[in-house]
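Residue numbering for the sequence shown follows this note's numbering, starting at 11 and increasing by one per position.
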Amino acid sequence: MADNADSGAAFAQGKHEDGACGEELAMPQHGPVPAHDPAEQGAHEHQYFELRAAGTLVAIEATHGMRPIVLYAGPDLPGVPAKDLAILATRQHAPGSASVPLRGSIINEIGTGISGPSGLVAHRAGQDWAIDLRIEQVQTIGDHAIVIHCHDANVAVASSHTLSIDPETGVLACASSIENHGTDKLELDWCAALCLPLDQRLDRVLSFTGRWSGEFDIETIEAFQGSVVRENKAGRTSHDAFPGGFAIAPGTDEMRGLAVGYHLAWSGNHRLRIDRHSDGRSFVQMGEMTFPGEIRLGRGESYRTPDLIAAWSEDGLNGVSGKFHDYLRGSVMEPRSLSKPRPVHYNTWEAVYFDHDVGTLIELAEAAAAVGAERFVLDDGWFGSRRHDGAGLGDWWVSEDIYPDGLHPIVDRVKQLGMEFGLWFEPEMVNPDSDLFRAHPDWVLQAEGVETVPFRGQLTLDLTKPDVFDYLFDKITQLVSTYGISYVKWDMNRDTNHPGSSGRGAMHRQTLAVYRLFEKLRKAHPELEIESCSSGGGRADFGIMRHADRIWTSDNNDARQRQAIQRGATHFLPLRVLGSHVGPKRCHVTGREFAMAFRVASAVFGHMGMELDLRDESEADLEVLKSGIALYKRHRELIHNGRFLRLESPRQTNLIGCVSPGRDEALFSYAKLETELATLPPRIQFAGLDPTRDYRVRLVWPPHNPSISSPSIVDAADLLGNGRVFSGAALMGHGIQPPLTFPDTGLFYHFESDS
Ligand code: GLA
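Encoded structure:
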C-alpha cells in the first residue's frame, strides 16, 4: 500500500477496521444468521440488514450482485423489518424519466445513473469513470456493524462500506474505502463516506459558519431545490465551514421534533453537500475535499474516507446534541481525561502576549493560584527568538535571553503553588525567520513555482517528511520530560492554501501525519493532555478529539459574544471540552467592557479558565472571580457529566442548563444580552426536570446583582437565600418570572430535589 493506504480514519470505537474481524455472511432481515445460501444469492434473493440500537434504525438492502442501498436511517421503527421498508418505498416509472426506477447506491456512483451528484468521482486518465459497484460479500460485526464489499469488474475497482451504530447512543459512523484493482493509476477526485438519505420531512438546514473570533455561527436555510454545498480548503477544520450541520423538520425546536445531525470526523479539507434530487429524494454527502491528483491509487492501493457521524432524534436539536456529546465522551475520546475533573486554567496569552518576564509570570501564577487556578499554561513567546509573531516558530528550545535558568523557576513555582504546568506549541508551523527554516528551507509544504500566501508570517511544515515528524516529536517530548509538563496547548495559526509535497497535493497525508504526531506524544506521555487550538476554534472536530482533550473554542473573550459562540459549539461538542476563559475587563477583540460577574457567568458553562492580567483587576473583582471559580468547582461534575440543554431563547437572552443524570439537580444559566422587548422579560420555562418531583430553587450567581430592584421574585421566593420549593411540573409548565436585569448580566438558577 502506498501513501493513501493508511487513511487512519478508523472507526471511533477502534473495534472494526475494514476486514479486520467479523463474520463473512449474509443475513436475512432479523439480526445475524450463521450462514447464507449461495444458491439464493446467485438468484439475487434480496438480503436485508438492520442496525438497531438506542432508538435508531439503519436499514440496508445488500444483495449479492446488486448495489447496496440504505433503505432508511432515522429514529427506530420498532419491529419493522427492513424488507417492508424496501417495499413501502417502491418507486415507479415517471413520465419523462428513465424506464426503470433509479435506486442509486450507498455512494450513488456514476454508473448507477442516479440523477443527483455522485458520491464517487474517479477515473483512469479519463477512462473507467462510470463506476458501478456490485456487492461481492457482506460481513457483519456483532449486531451493530456491517461491512459491504463491492466490486466493478468492468473497471477493476473495488469498494467497501462500513456502517456501525453505537449501542449506547445509536449514533451512526460510516466510511467508504476504494481500492484500485487495475494496472493503471486510479485518480480519485471525490469519495463521500456515504450518501445518507434524508427523511423527506427534513427540509430545513442549520448550516454552521463563522470567522476568526466568531465561530459556530448558525445560518438557517429554508426549503430549497438543488444543492447546499459547503467546502473547506483551509487545511484545518476551519472557522467558516464547520464540517457538519443539522437537517430539521418544520416546527422542530430545541426540545421537540425530528432532527438529524451529521458531522465529518476530519481536521483537514472537506466538502459537505445536501442535494435535493429532481426525483424528490435528498441525500447528505460528506467527505474529504482533495486537490487535483492528490489521491492517485496504484494497483492494490486503497483510500479510506474519514468517518461520517450521524445522529437522529425526535426530541429536537437537544436530542441530537445529547447523542453527539455522549458518543464523543463514550466512543471517541480517550478515557484518560474523562474521569479527571477539568482543572481551572490560567493562560498567560492576553495578560502578557510576547512580553515574557520570569518575575511577572511568577507574580501572575501566584495571583492565579490565589483565586483558585489549578493549571498554569505558558502561552506563545517562551522559545527561540519568539519576541513577536514574525520569528522563532520551529525553534523549540527555551529562550535563554528571557529564561536564563530555563523554565525551571516558573515551573517550580507553579508546582509549589499546587498547579499543573502547561506549555504552548505550534508544532506544524515555522517562521522563515527561524533557525529551523534557515537550516531546512525545504521542510515546508509548497506547490512548486507557486507563491506562498502570506499568513501571520509563517509557513506550514511538511509533516509527511519523516525528518520533520521526528524533529518535532523529539523537541516536544524532550521539553515535556524535562519540565514534567502535563498539558500542551497545540496551536495551528494559518490556513494551508496549496500544500504540496513532492509535487503533489498533500493535505490528506499531512492531516494523518498530524494525528500520528498527537498519538505518538500521547503514547510517550500517558498522562499528557492536549488542547486543540487553531486561532481559537479552527480545529474543533471529532477527528482531532480522538487525540485531544480540550478545544480552545474561540480567541474572542467578549463575554456577550462568547454566549453565542459556545451555544453554537454545543450542537456538537460537550461543555467539558470547550475551553472558556474569563477575559480582561476590556475585551481585546471587541473593545467592550464587561463586569467581572458577567465575565464569570460566560465562562462557567464550559471548561473554565482565565486569561487576563490579574494585576489590573480590583480587589473587589478578584473576590468575585474567586467566588465564581469556587462555584464552577462546586458544580463542574454536573456541568461536565449532566445532560446539557439549550432552551429556546428569545434574541435578548441565552438560556442553557445541565441536569444531573438522576434529575435530582440542575443548574441553568440565564444570560441577558439585550434590553427586553416588553417592559418585563417572559417567564423561563425550564426543561429536563422531573415533573413529579419538588425542587428547591435558588439563585447561586451572582452574589449581588445591582440591576435587580426590590421587591421582586428574588424576595418573594427568597432566591438569594434559602430559596423555595416548587414542583418540576410548575417550573417547566408554568415557569419562573425572572427579575428585570441589565443587559450583560447573568443569573444561575440551581435546582435541588429534596426527594
Ligand atoms: C492563537 C491562539 C491564542 C494564542 C495565540 C498565540 O491566536 O488562538 O490563544 O495562543 O495564537 O500566538
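From the three backbone atoms N, C-alpha and C, an ideal C-beta is built for every residue, glycine too.
Starting from residue i and walking both ways along the alpha helix (DSSP H), at which residues does that stretch end?
i, result
"F334", "326-337"
"T172", "T172 -> not in any alpha helix (DSSP H); beta strand (DSSP E) instead, spanning 167-175."
"L446", "445-449"
"F226", "F226 -> no alpha helix (DSSP H), and no H or E assigned at all."
"G578", "569-579"
"I666", "Note, I666: premise wrong, no alpha helix (DSSP H); beta strand (DSSP E) at 663-669."
"D317", "It is not in any alpha helix (DSSP H) - D317 carries neither H nor E in the DSSP assignment."
"M606", "606-611"
"R646", "629-651"
"P8", "As displayed, the chain neither begins before 11 nor continues past 765, which places residue 8 out of reach and without an answer."
Does the distance from the CB of residue i to the CB of residue j come in under 8 Å?
i, j, result
"E675", "S763", "yes"
"L583", "L318", "no"
"L585", "H650", "yes"
"A320", "V354", "no"
"P316", "A202", "no"
"M429", "E384", "yes"
"R693", "I746", "yes"
"A766", "S612", "Here the chain comprises residues numbered 11 to 765, so residue 766 is not present and cannot be evaluated."
"S217", "E229", "yes"
"I120", "A140", "yes"
"V157", "S170", "yes"
"I284", "L198", "no"
Determine the burial state of residue i: buried for a count of at least 16 other Cβ atoms within 10 Å of its Cβ, exposed for fewer.
i, result
"S115", "buried"
"E9", "Residue 9 lies beyond the stretch modelled for the chain, which goes from 11 to 765, so this question has no answer here."
"Q571", "buried"
"A45", "In this prediction, A45 has a pLDDT of 31, which is less than 50 and means its spatial position is unreliable; what the coordinates show is noted afterwards. With fewer than 16 Cβ atoms within 10 Å of its Cβ, A45 is classed as exposed."
"Q426", "exposed"
"F334", "buried"
"I117", "buried"
"W434", "buried"
"G515", "buried"
"G32", "The pLDDT assigned to G32 is 32, lower than 50, so where the model puts this residue is not dependable; a value taken from the coordinates is nonetheless given after this. G32 comes out buried."
"T193", "exposed"
"T506", "buried"
"R519", "buried"
"Q39", "Annotation note: pLDDT 34 at Q39 (below 50); position unreliable, no value reported."
"D47", "Note that D47 scores 37 on pLDDT, short of 50, meaning its location in the model is unreliable and no value can be drawn from it."
"G326", "buried"
"P88", "exposed"
"P78", "buried"
"N503", "buried"
"E34", "Summary for E34: the model assigns pLDDT 33, below 50, so the residue's position carries little reliability, and this model does not support an answer."
Taking 7 Å as the cut-off, is the CB of residue i close to at least one heavy atom of ligand 1?
i, result
"N503", "yes"
"W562", "yes"
"G546", "yes"
"W453", "no"
"C543", "yes"
"D389", "yes"
"D250", "no"
"W434", "yes"
"A565", "Checking the sequence shown, residue 565 turns out to be Asp, not Ala. Yes, the Cβ of D565 comes within 7 Å of a heavy atom of ligand 1."
"W406", "no"
"D399", "yes"
"W392", "no"
"W359", "yes"
For residue i, report the span of its beta strand (DSSP E) as first-last.
i, result
"A681", "675-682"
"H617", "617-620"
"L730", "It is not in any beta strand (DSSP E) - L730 carries neither H nor E in the DSSP assignment."
"R286", "280-286"
"A257", "254-258"
When the Cα of residue i is compared with those of the options, which residue comes out closest?
i, options, result
"T73", "H159, D285, V498, G404", "H159"
"N664", "G638, P753, L427, T506", "P753"
"L268", "R214, H249, I284", "R214"
"V710", "P691, S679, S737", "S679"
"G152", "V131, E229, L677, P177", "P177"
"R625", "P302, A375, S277, P260", "A375"
"Q149", "F59, V68, G553", "F59"
"R560", "N567, L538, H581, D568", "L538"
"A163", "G75, F654, L687", "G75"
"K643", "R352, N328, D289", "R352"
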